[in-house]
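Protein chains in written order, with this note's numbering: chain G, 12 to 219; chain L, 12 to 219.
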C-alpha cells in the first residue's frame with residue numbers, strides 16, 4: 012500500500028535559474044493537490060554544466076534567435092498559465108550563485124531551507140538584486156529574519172562546501188544535465204514544463 | 012461565435028523527424044476529441060536548420076550524452092503514454108528527405124496528401140526503409156496504391172520545388188526553428204510534447 016508519505020519527490024534547483032524560480036512558485040500548489048511534499052535539493056548549475064558539457068539556453072541559443080524567442084514565449088505562457096505576477100528577469104544574469112547556494116546547504120543543515128529559499132529566490136527574481144555580491148545577499152537574508160552574517164560565514168565551512176559538491180555530483184550521476192530537475196523516486200524530469208508530468212507520476216504512485 | 016471550422020490548426024512536418032512521425036500518430040485522436048482537423052504542411056527541416064542555424068538534437072547534443080539520453084527517455088514516455096506500438100528508429104538516419112518532401116507537395120496539389128503521408132511515414136519509421144533512395148520511395152508509394160512513378164516525376168517540376176521552398180521560408184518567417192511545429196492561428200508550439208497545449212488552445216478557441 013502506498014501513501015503520500017511513501018512517494019519521494021525532489022526539486023533540484025539553483026538560484027541562478029529563472030525557470031527554477033518559476034517552478035518553485037508552482038510546487039506548493041502541486042503539494043496541496045497531491046499531499047506530497049517536495050524535498051528541495053540545492054545543486055550547482057555551473058558544476059552540472061561543466062560535468063555534462065551542457066550550456067544555458069541563453070548561451071546555447073545565442074546564435075539561434077528564433078529558438079531563444081520561443082524559450083521566452085514558453086516562459087510567458089507558463090507565467091500566464093499559473094497567474095504569476097512577481098517575476099522580473101535579473102539584469103545581472105548570469106549571476107554567480109556559489110556563495111548563496113552554499114548558504115542554502117548551510118540553511119538546510121540548520122533546518123531553515125524553506126525560509127532561505129523564499130528569501131533568496133524573491134531577491135533574485137522578484138526584486139531583483141545583484142545577489143552575487145555577499146553584502147547584498149546578507150542584507151536580503153537579514154530582511155527575511157534570517158541571520159545573514161552567520162549563514163555567510165558558514166559558506167566557508169568545509170562540510171558545507173563538500174555537501175554542495177557531493178549533491179551536485181550525485182545529480183549528474185543520476186542523469187541531470189540542467190535545472191530545474193525533478194525526481195519522483197528515481198524517475199527524472201527536466202524543465203518547468205514537465206511539472207504536469209511530475210504531478211501525474213506522483214498521483215500515479217500514490218494510488219499504486 | 013466560433014466553430015470547429017473557424018479554428019485553424021497546422022502541423023508542419025518533415026518525414027526525417029521521428030518526433031513528427033510520433034506526433035502524426037496522436038493528431039487523429041486530437042481531431043476526434045476537438046472536431047478540428049489539422050492542415051498538414053510539408054516543410055524542409057534541412058532548410059529550416061540552415062536558415063535558423065539550429066541543429067537536430069542528435070547533432071546538438073552529441074557531446075552531452077545525458078541530455079541525449081533524456082531526449083530518448085521522453086520519446087519512450089510519449090510512446091508509452093499514447094500506446095504506440097509501431098515505431099522503429101530508422102537505421103539510415105539522418106535521411107535526405109528532399110525528394111519525398113517534394114513528393115508530399117505534389118501529392119497535396121493532387122489532393123492526395125493524407126494517403127501519401129501515411130505511406131511514407133510508415134515506410135520511414137515503422138518498417139523502416141532507406142527512403143532517400145528514389146526506387147525505395149517509389150515502391151513504398153506503389154504498395155500504398157499511389158502512383159510512385161508519377162509522384163517521383165513531379166518532384167522535378169518547378170512549381171513543386173518552389174512551393175516547398177516557399178512554405179519552408181514562410182515557416183521560418185513565422186518563428187519555426189525545428190520540427191514538428193504546430194500553429195493554432197498564429198500561435199506557435201514546438202515539439203511533440205506540446206500537443207497537450209495545442210489541444211487546449213484549440214478547445215479554448217472553439218469555446219471562445
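All residues carry an ideal CB built from backbone N, CA and C; glycine is no exception. Computed from a predicted model, the values in this text were never measured in an experiment.
Report the neighbours of residue 75 (chain G) on chain L: residues whose CB is nearer than 7 Å to its CB, in chain order.
Listed by position along chain L, the residues whose Cβ is nearer than 7 Å to that of residue 75 (chain G) are 63, 64, 65 and 188.
Residue 18 (chain L) and residue 165 (chain L) look like a contact to me (Cβ under 8 Å); what is the Cβ gap, rounded to whole Å?
Residue 18 (chain L) to residue 165 (chain L), Cβ: 31 Å. No contact.
Cβ pair count under 8 Å reaching 3, the stretch 193 to 211 of chain G against the stretch 142 to 156 of chain G:
Taking a cut-off of 8 Å on C-beta distances, the stretch 193 to 211 of chain G does not touch the stretch 142 to 156 of chain G, as fewer than three cross pairs fall below it.
Counting contacts by CB-CB distance shorter than 8 Å, is residue 12 (chain G) in contact with chain L?
Annotation note: pLDDT 46 at residue 12 (chain G) (below 50); position unreliable, coordinate value reported separately. Not closer than 8 Å to any Cβ of chain L, the Cβ of residue 12 (chain G) fails to qualify, so no.
Run the CB neighbour count on residue 54 (chain L), radius 10 Å, all protein chains shown included, and call it buried at 16 or more, exposed below.
Within 10 angstroms of the beta-carbon of residue 54 (chain L) lie 16 or more other beta-carbons, which makes it buried.
Short CB-CB distance (under 8 Å) between residue 20 (chain G) and chain L
Taking Cβ atoms only, chain L never reaches closer than 8 Å to residue 20 (chain G), which makes this a no.
If you count every other CB in all the chains shown that lies within 10 Å of the CB of residue 69 (chain L), and 16 or more means buried, which is it?
Exposed, because fewer than 16 other Cβ atoms sit within 10 Å of the Cβ of residue 69 (chain L).
Determine the contact status of residue 201 (chain L) and residue 81 (chain G), defining contact as a CB-CB distance below 8 Å.
Cβ distance < 8 Å, so residue 201 (chain L) and residue 81 (chain G) count as in contact.
What number of angstroms, rounded off, separates the C-alpha of residue 91 (chain L) from the C-alpha of residue 99 (chain L)?
Between residue 91 (chain L) and residue 99 (chain L), the C-alpha separation is close to 14 Å.
Beta-carbon contacts of residue 51 (chain L) that lie in its chain and below 7 Å, excluding the five residues immediately before and after:
22, 24, 124 and 128.
Beta-carbon separation of residue 67 (chain L) and residue 29 (chain L) under 8 Å?
Note that the C-beta distance between residue 67 (chain L) and residue 29 (chain L) is not below 8 Å.
Cutoff 7 Å; reference residue 179 (chain L); Cβ partners in own chain excluding five residues on either side:
Shown here for residue 179 (chain L): same chain residues with a beta carbon closer than 7 Å to its own, the five before and five after excluded, namely 54, 55, 58 and 59 in chain order.
Go ahead and pull the three-state DSSP assignment for residue 23 (chain G).
Strand.
Inter-residue Cα distance where the pair is residue 151 (chain L) and residue 134 (chain L)
Their Cα atoms are separated by approximately 7 Å.
Own chain partners of residue 110 (chain G) with C-beta closer than 8 Å, once the 5 adjacent residues on each side are dropped
The beta carbon of residue 110 (chain G) sits closer than 8 Å to the beta carbons of 143, 145, 148, 163 and 166 from its chain, once the five residues preceding and following it are set aside; these are given in chain order.
Please work out which residues of its chain come closer than 6 Å, Cβ to Cβ, to residue 97 (chain G), disregarding the five sequence neighbours upstream and downstream, and give them in chain order.
Excluding residues within five positions, the ones whose Cβ falls inside 6 Å are 137.
Assign residue 214 (chain G) to one of three DSSP states: helix, strand, or coil.
In the structure shown, residue 214 (chain G) adopts helical secondary structure according to DSSP, grouped into three states.
Give a yes or no on whether 8 Å exceeds the smallest Cβ distance from residue 203 (chain G) to chain L.
Residue contact with chain L for residue 203 (chain G): absent (no Cβ-Cβ distance below 8 Å to any residue of chain L).
If you scan the stretch 78 to 123 of chain G from start to end, which runs of the alpha helix (DSSP H) of 4 or more residues do you find wholly inside it?
Fully contained in the stretch 78 to 123 of chain G are the following alpha helix (DSSP H) runs of length 4 or more, in chain order: 109 to 120.
So what's residue 1 (chain G) in DSSP terms, helix, strand or just coil?
With chain G covering 12 to 219 only, the question about residue 1 (chain G) has no answer from this structure.
Could you round the C-beta distance between residue 20 (chain L) and residue 37 (chain L) to whole angstroms and report it? I think they count as a contact, below 8 Å.
Between residue 37 (chain L) and residue 20 (chain L) the Cβ distance is about 13 Å, and since that is not below 8 Å, they are no contact.
Output the distance between the C-alpha atoms of residue 182 (chain L) and residue 140 (chain L), rounded to the nearest integer angstrom.
Whole-angstrom Cα-Cα distance: 28 Å.
Closer than 7 Å, Cβ to any Cβ of chain G: which residues of the stretch 71 to 98 of chain L, in chain order?
If you check each beta-carbon in the stretch 71 to 98 of chain L against every beta-carbon of chain G, the ones closer than 7 Å belong to 74, 75, 77, 78, 80 and 81.
Report the residue ranges of all beta strand (DSSP E) runs contained in full by the stretch 117 to 201 of chain G; include only those spanning at least 3 residues, in chain order.
Within the stretch 117 to 201 of chain G, the runs of beta strand (DSSP E) at least 3 residues long that lie entirely inside it are, in chain order, 192 to 195 and 198 to 201.
With a threshold of 8 Å between beta carbons, is residue 55 (chain G) in contact with chain L?
Cβ-Cβ to chain L under 8 Å: no for residue 55 (chain G).
Apply the 10 Å Cβ neighbour rule to residue 65 (chain G) and answer buried if 16 or more other Cβ atoms are within range, or exposed otherwise.
By the neighbour-count rule (16 or more Cβ atoms within 10 Å), residue 65 (chain G) is buried.
Tell me the residue span of the alpha helix (DSSP H) that contains residue 44 (chain G).
In the DSSP annotation of this structure, the continuous segment of the alpha helix (DSSP H) that includes residue 44 (chain G) starts and ends at 29 to 45.
With a threshold of 8 Å between beta carbons, is residue 199 (chain L) in contact with chain A?
Included in the structure are the protein chains G and L, with no chain A among them.
Report yes if the CB atom of residue 131 (chain G) is closer than 8 Å to the CB atom of residue 175 (chain G), and no otherwise.
No, they are not a contact pair.
Could you say which of L:121, L:171, L:126 and L:177 lies nearest to residue 154 (chain L) if we only look at CA atoms?
When only C-alpha atoms are compared, the closest one is L:126.
Using three-state DSSP, classify residue 59 (chain G) as helix, strand or coil.
Residue state, collapsed to three classes: helix.
Hey, would you say residue 186 (chain L) sits closer than 8 Å to residue 77 (chain G), going by beta carbons?
Against a cut-off of 8 Å, the Cβ pair of residue 77 (chain G) and residue 186 (chain L) comes out as a contact.
Keeping to the same chain, check which residues put their C-beta closer than 6 Å to that of residue 114 (chain G); ignore five residues upstream and five downstream.
Scanning its chain for C-beta atoms nearer than 6 Å, with the 5 sequence neighbours on each side dropped, one finds around residue 114 (chain G) the residues 162 and 166, in chain order.
Check whether residue 190 (chain L) and residue 31 (chain L) have beta carbons under 8 Å apart:
Taking 8 Å as the Cβ cut-off, residue 190 (chain L) and residue 31 (chain L) qualify as a contacting pair.
Under the three-state DSSP convention, the category residue 204 (chain L) falls into:
Of the three classes helix, strand and coil, the one that applies to residue 204 (chain L) here is helix, per DSSP.
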